[in-house]
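Chemist: Numbering (the working numbering), first residue to last: 381 to 538.
A virtual CB, placed ideally from N, CA and C, is assigned to each residue, including glycine.
Pasting the structure below:
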């Protein structure tokens, strides 16, 4: 089994927030992964050595400037205003709506969904923005959402 039910997911409250409701049919596409499956995704996309964004060093690709654009995107204003995800982030990703995406919080905590569901309910996910990464299946683009309200736009190295 690769997924936890939302009922068993400790952070499920972000998807049941009263002011940011998610329809049941879209909730079904938000799938927290088991710690074992999360670890596989984390080590594939993010880091083989570090288990949380707090522990990255300059040796990790996610800390190396050449893998990210020079300009970060301020997502917090759109979040506070109830707006759509910032256009600069969408332009960077340029993914189809049915793209499988992974919102990676740590080695033990990854959430799978579709890109259209993420875009529609991105504000719910931002309650978990603490260096979290959004990556797409078979895609090289990455966005790191920082607690500061900024997003780093990057490309995973080959």
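1) Whole angstroms are fine: how far does the CA of residue 416 sit from the CA of residue 488?
2) Which value, in whole angstroms, describes the spacing of the CA atoms of residue 531 and residue 408?
3) Sort out for me which residues DSSP pairs residue 427 with in a bridge.
4) Take residue 469 as the anchor and find which of 406, 522, 404, 385 has the nearest alpha-carbon.
5) On the CB-based measure, 16 or more other CB atoms within 10 Å of its CB, does residue 455 come out buried or exposed?
6) Roughly how many whole angstroms lie between the Cα atoms of residue 435 and residue 476?
7) What number of angstroms, rounded off, separates the C-alpha of residue 506 from the C-alpha of residue 525?
8) Could you tell me which uninterrupted alpha helix (DSSP H) segments, each at least 4 residues in length, are contained entirely in the stretch 420-486, listed from first to last along the chain?
9) Helix, strand or coil for residue 537 per DSSP?
Modeler: Well, looking at it:
1) 7 Å
2) 27 Å
3) BP columns for residue 427 are empty, so no partner.
4) 522
5) buried
6) 32 Å
7) 8 Å
8) Runs found: 456-461, 467-473.
9) For residue 537, the three-state secondary structure derived from DSSP is coil.
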